[in-house]
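Visitor: The structure that follows is given in the form of structure tokens.
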Amino acid sequence: MGKCHKKKCIARGLKNINDCKDNFCCQPTATKKIKIDCERYSFDMTRVTKCGCGKCLDRQTVVKGVARGGPENIPFKYGYIYHGDKYLTRTGRKGEFSFKVPGDLSRLVVTFKDKRGYNDFQELTKVIALVPGRETYVEARMKLRPASITVNANEGFEIPLGNSRSLGTQNSGQPVGNAESDKESVPAVAVSLPPQSLIAEDGTVYNGEAKAEISFVDPRNATEVEEADGDFSTVNDDGEQELLETFGVIKMDFRDLNGNRLQPNRDIDVLFDLDEYNITEKEAENIKLWYMDKKTGRWRIMDQELKQHETRRSRRSGRKLFFGKFDARRFNYLGNLDSKVEQKCYLKIRVPDSETEEFQSTKITLATRKQLLNRYQVKYVRDGAACIETYCTEYLAVIQATRNGKYLIPKETGIDEDVNSRHVIKYYRSSDVSEQFSNKITMKKLTYPLSAKPSPFYYNSYSCRISPDENSFSFELPVNKEISKDLVEVFGPNWYPSSPQSKACFVKIAVENINSCPNRNASFAVESVLGDAQERAGTVIITLTENAACAEYKCPQNQYEKVRVNVIPITTGEFTKHHDATKNFIRKMKPDIFEIFSFKPSFYLRDPTIGINQSENELLIDGDGEEKNIWKRENCMGDQIKAGIRFKCKDSPF
Numbered sequence: 066m067g068k069c070h071k072k073k074c075i076a077r078g079l080k081n082i083n084d085c086k087d088n089f090c091c092q093p094t095a096t097k098k099i100k101i102d103c104e105r106y107s108f109d110m111t112r113v114t115k116c117g118c119g120k121c122l123d124r125q126t127v128v129k130g131v132a133r134g135g136p137e138n139i140p141f142k143y144g145y146i147y148h149g150d151k152y153l154t155r156t157g158r159k160g161e162f163s164f165k166v167p168g169d170l171s172r173l174v175v176t177f178k179d180k181r182g183y184n185d186f187q188e189l190t191k192v193i194a195l196v197p198g199r200e201t202y203v204e205a206r207m208k209l210r211p212a213s214i215t216v217n218a219n220e221g222f223e224i225p226l227g228n229s230r231s232l233g234t235q236n237s238g239q240p241v242g243n244a245e246s247d248k249e250s251v252p253a254v255a256v257s258l259p260p261q262s263l264i265a266e267d268g269t270v271y272n273g274e275a276k277a278e279i280s281f282v283d284p285r286n287a288t289e290v291e292e293a294d295g296d297f298s299t300v301n302d303d304g305e306q307e308l309l310e311t312f313g314v315i316k317m318d319f320r321d322l323n324g325n326r327l328q329p330n331r332d333i334d335v336l337f338d339l340d341e342y343n344i345t346e347k348e349a350e351n352i353k354l355w356y357m358d359k360k361t362g363r364w365r366i367m368d369q370e371l372k373q374h375e376t377r378r379s380r381r382s383g384r385k386l387f388f389g390k391f392d393a394r395r396f397n398y399l400g401n402l403d404s405k406v407e408q409k410c411y412l413k414i415r416v417p418d419s420e421t422e423e424f425q426s427t428k429i430t431l432a433t434r435k436q437l438l439n440r441y442q443v444k445y446v447r448d449g450a451a452c453i454e455t456y457c458t459e460y461l462a463v464i465q466a467t468r469n470g471k472y473l474i475p476k477e478t479g480i481d482e483d484v485n486s487r488h489v490i491k492y493y494r495s496s497d498v499s500e501q502f503s504n505k506i507t508m509k510k511l512t513y514p515l516s517a518k519p520s521p522f523y524y525n526s527y528s529c530r531i532s533p534d535e536n537s538f539s540f541e542l543p544v545n546k547e548i549s550k551d552l553v554e555v556f557g558p559n560w561y562p563s564s565p566q567s568k569a570c571f572v573k574i575a576v577e578n579i580n581s582c583p584n585r586n587a588s589f590a591v592e593s594v595l596g597d598a599q600e601r602a603g604t605v606i607i608t609l610t611e612n613a614a615c616a617e618y619k620c621p622q623n624q625y626e627k628v629r630v631n632v633i634p635i636t637t638g639e640f641t642k643h644h645d646a647t648k649n650f651i652r653k654m655k656p657d658i659f660e661i662f663s664f665k666p667s668f669y670l671r672d673p674t675i676g677i678n679q680s681e682n683e684l685l686i687d688g689d690g691e692e693k694n695i696w697k698r699e700n701c702m703g704d705q706i707k708a709g710i711r712f713k714c715k716d717s718p719f
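In structure tokens:
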């Protein structure tokens, strides 16, 4: 009976637990036996009488998450997950997965593989930062397989990768142009093999046509950086972690026309265009070619130095090309163009304690941008403050925190005005769930020198760890908007007034991914509020099992009556804005689109193009005061009436 909150604590007279990093937790230190007597039987129980500080007990580390990818968030269904050669689990129909991690690992390297051909994703190696004894929620972003390119192995080939004017397009073997520009479209990186450089599995030189499947993660595209394998870090000779700045990740595969694997017998040239990344030749001296160690998920040097590459074509165009050698023995490894980050700093970030989710860790995401390059870092932390190492050369940084997939809310902590102005810090507490970065802390000029005033910025890890938690970026738990359990389809006495102009009004709501919603349905409370006094006229609860449904709301009975309609989702998800009907709805109605979709209909409003319809004097009140609604809800469901309010469920993997 009774329990102690399993929080970190200080023991043995330690001055600061963050300084020495000892691992002590609050736990029972004294108990006593008590006897419980019932009418027909009795039993003994143990009661906790005292809590104290002691060595943290080992707890099971659990990883849960979902794997999906592509613009439409397609689930990676029935895929296999491995840790090295050890099978861990398979993903489900929605890409969901869960597995336990033994011991006290803080870093786990797993590989997502499609062995049955259910998906069109390429293999992903992901590094998961764990909090021992906690549950970690992971979103694995899968990258779609690139289209294969036909090459002539007998003649040699060069394949361009990445394109600054069309970053969203997968490379197809040719530079992708821009329809709005007549200029030549220049790739950022290319891979090149001389003639007769591919061999079959029996060791013979392969001649003829072959299929090359080359994937490239372009750091100028923020979405692609999120899909990159591993994290961008290495370990130096002293065993210390060092950050890497990536200029692109390459993955290669060669096969004959029958699908048999081919292997290069010579090193592969990787060409690199400095102008496309807006870097100088001096900066290029620090860029090296790396490969990923599949066991550790760390990057290791493959080519120490990029060399200048000159051809008649490059001299004529004035392009500055450098190249490195990709070891033919490691061609099926991930390759990475990287430089070490010399100018780094630490950010202190505080996340809230949770009484109800004490075994769940919090995910801190730090997205940064320098000139054309995007970087993406993730760290999982317990309750309290954490110090995150990052690049201190950035023009823009965005911090977000999530727990179990839900965004936490930024909290202003009274950071000194000098610090705010130096780094241009802004807090966004919008509850607009239709935007990816709705709750965030942003800053510009994340660069040296750091402010001398107390702040969340530190030059080294030690100073960050021992600093007061008050000097940190802070997040708090979102306030859940409770939908009252007594909400039913209630029409107040003023819903249908006795008037020759009485109308019945309906709004059409569509769910874009009904099959991804929990139990394949979505529920909404549609509330009608009268006037400035916010008097509730009534609420309608609708549950969609199909793609769309119509909800009745209180009609304004004349041009002077004010009504506000609040569409409140009970199902977790977000309102979307990309559909033409929604764009028209926003243009005509100017609604508030936050966690609720709120708009003000007018007395004369009937617009099937945005999903709002009403009867025309067809609501009759008989002698007993009962309404006879000739124009029914079903009339709203026709294809000619387009839903202007569109919703997308958040995938519920469990």
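Under the working numbering, the first residue of the sequence shown is numbered 66, with each subsequent residue one higher. Glycine included, every Cβ here is placed at the ideal spot set by N, Cα and C. Quick caveat: nothing in here was measured; it's all calculated off a predicted structure.
Keeping to the same chain, check which residues put their C-beta closer than 6 Å to that of residue 201; ignore five residues upstream and five downstream.
Guide: Once the five neighbours on either side are set aside, the close Cβ partners of residue 201 are 128, 195, 426 and 445.
Visitor: Pull up the distance between the alpha-carbon of residue 358 and that of residue 192, whole angstroms please.
Guide: Cα to Cα, the separation comes out at about 12 Å.
Visitor: Report the start-end ranges of each alpha helix (DSSP H) in the stretch 335-392 that is 4 residues or longer and not cut off at the edges.
Guide: Listed in chain order, they are 339-342, 346-349 and 377-382.
Visitor: Which first and last residues belong to the beta strand (DSSP E) in which residue 702 is found?
Guide: Per DSSP, residue 702 belongs to no beta strand (DSSP E) and is neither H nor E.
Visitor: Excluding sequence positions up to five away, which residues of its chain have a Cβ less than 7 Å from the Cβ of residue 636?
Guide: Hits under 7 Å: 582, 583, 587, 588 and 714.
Visitor: Smallest Cα separation from residue 751: which of 456, 398 and 537?
Guide: With the chain covering 66 to 719 only, the question about residue 751 has no answer from this structure.
Visitor: So does the stretch 473-490 actually touch the stretch 432-439, counting three or more Cβ pairs closer than 8 Å?
Guide: The stretch 473-490 vs the stretch 432-439: no contact.
Visitor: Could you round the C-beta distance between residue 208 and residue 187 to whole angstroms and report it? I think they count as a contact, below 8 Å.
Guide: Going by Cβ atoms, the distance from residue 208 to residue 187 rounds to 6 Å, so yes, they are a contact pair.
Visitor: Where residue 113 and residue 205 are concerned, what is the direct C-alpha to C-alpha distance, given to the nearest angstrom?
Guide: Using only the alpha carbons, I get a separation of about 41 Å.
Visitor: For residue 94 and residue 111, what's the separation of their Cα atoms in angstroms?
Guide: Approximately 12 Å between the Cα atoms of the pair.
Visitor: With distances taken Cα to Cα, identify the nearest neighbour of residue 279 among 256, 574, 261 and 294.
Guide: Ranking 256, 574, 261 and 294 by Cα distance to residue 279 puts 256 first.
Visitor: With respect to the alpha helix (DSSP H) encompassing residue 529, which residues constitute its N-terminal and C-terminal limits?
Guide: Residues 526-531.
Visitor: Could you tell me which of 453, 434 and 392 sits nearest to residue 414, measuring between CA atoms?
Guide: When each option's Cα is compared against that of residue 414, the closest is 453.
Visitor: Looking only at its own chain, which residues have a Cβ that is under 6 Å from the Cβ of residue 443, when we skip the five neighbours before and after it?
Guide: Here the set comprises 430.
Visitor: Looking only at its chain, what residues have a beta carbon closer than 7 Å to the beta carbon of residue 654, apart from the 5 residues adjacent to it on each side?
Guide: Contacts found: 664.
Visitor: Would you kindly check if the distance between the Cβ of residue 219 and the Cβ of residue 314 is under 8 Å?
Guide: Taking 8 Å as the Cβ cut-off, residue 314 and residue 219 do not qualify as a contacting pair.
Visitor: Nearest to residue 707 by alpha carbon, out of 656, 657 and 649?
Guide: Of the listed residues, the one whose Cα sits closest to residue 707 is 649.
Visitor: Decide if residue 304 is buried, meaning its Cβ has at least 16 other Cβ atoms within 10 Å, or exposed.
Guide: Residue 304 is exposed by the Cβ-count criterion.
Visitor: With a cut-off of 8 Å, do at least 3 Cβ pairs link the stretch 264-282 to the stretch 326-336?
Guide: Yes: the two stretches touch, three or more of their Cβ pairs being nearer than 8 Å.
Visitor: Roughly how many angstroms lie between the CA atoms of residue 530 and residue 416, to the nearest whole one?
Guide: In a straight line, the C-alpha of residue 530 is about 15 Å away from that of residue 416.
Visitor: Flag this pair as yes or no: are the beta carbons of residue 571 and residue 626 separated by less than 8 Å?
Guide: Contact flag unset, no.
Visitor: Just the Cα atoms here: how many angstroms apart are residue 149 and residue 349?
Guide: In a straight line, the C-alpha of residue 149 is about 34 Å away from that of residue 349.
Visitor: Whose CA, out of 672, 632, 670 and 409, lies closest to the CA of residue 712?
Guide: Out of 672, 632, 670 and 409, 632 has the C-alpha closest to the C-alpha of residue 712.
Visitor: Return the chain-ordered list of same chain residues with a C-beta closer than 6 Å to the C-beta of residue 638, the five sequence neighbours on each side being excluded.
Guide: For residue 638, where only same-chain residues beyond five positions count, the Cβ hits under 6 Å are 712, 713, 714 and 715.
Visitor: Once you ignore the five residues that flank residue 277 on each side, which residues in its own chain have a CB closer than 7 Å to its CB?
Guide: Same-chain partners within the cutoff: 213, 214, 216, 224 and 319.
Visitor: Taking C-alpha atoms, which residue in 672, 91, 274 and 628 lies nearest to residue 116?
Guide: Nearest option by C-alpha distance: 91.
Visitor: Give, in chain order, every unbroken run of the alpha helix (DSSP H) that is at least 4 residues long and sits entirely within the stretch 619-643.
Guide: DSSP runs (the alpha helix (DSSP H)) wholly in the stretch 619-643: none.
Visitor: Relative to the C-alpha of residue 407, which candidate in 351, 260, 362 and 371 has its C-alpha closest?
Guide: Closest by alpha carbon: 351.
Visitor: Quick check: what's the CA-CA separation for residue 138 versus residue 609?
Guide: The straight-line gap from Cα to Cα measures roughly 22 Å.
Visitor: If we call anything under 8 Å between Cβ atoms a contact, is residue 540 one with residue 634?
Guide: Against a cut-off of 8 Å, the Cβ pair of residue 634 and residue 540 comes out as no contact.
Visitor: DSSP beta-bridge partners for residue 402?
Guide: Beta-bridge pairing links residue 402 to 354.
Visitor: If we count the other Cβ atoms within 10 Å of its Cβ and call it buried at 16 or more, is residue 526 buried or exposed?
Guide: Residue 526 should be labelled exposed.
Visitor: For my contact list, residue 144 and residue 178 are in at a C-beta cut-off of 8 Å; report their separation, rounded to the angstrom.
Guide: That belief holds up - the Cβ atoms of residue 144 and residue 178 are roughly 6 Å apart, short of 8 Å.
Visitor: So the beta strand (DSSP E) residue 650 belongs to, where does it begin and stop?
Guide: No beta strand (DSSP E) holds residue 650; the alpha helix (DSSP H) holding it covers 645-654.
Visitor: Buried or exposed for residue 458, going by 16 or more other Cβ atoms inside 10 Å?
Guide: When all chains shown are included, residue 458 counts as buried.
Visitor: Quick check: what's the CA-CA separation for residue 604 versus residue 184?
Guide: So the two alpha carbons sit approximately 43 Å from each other.
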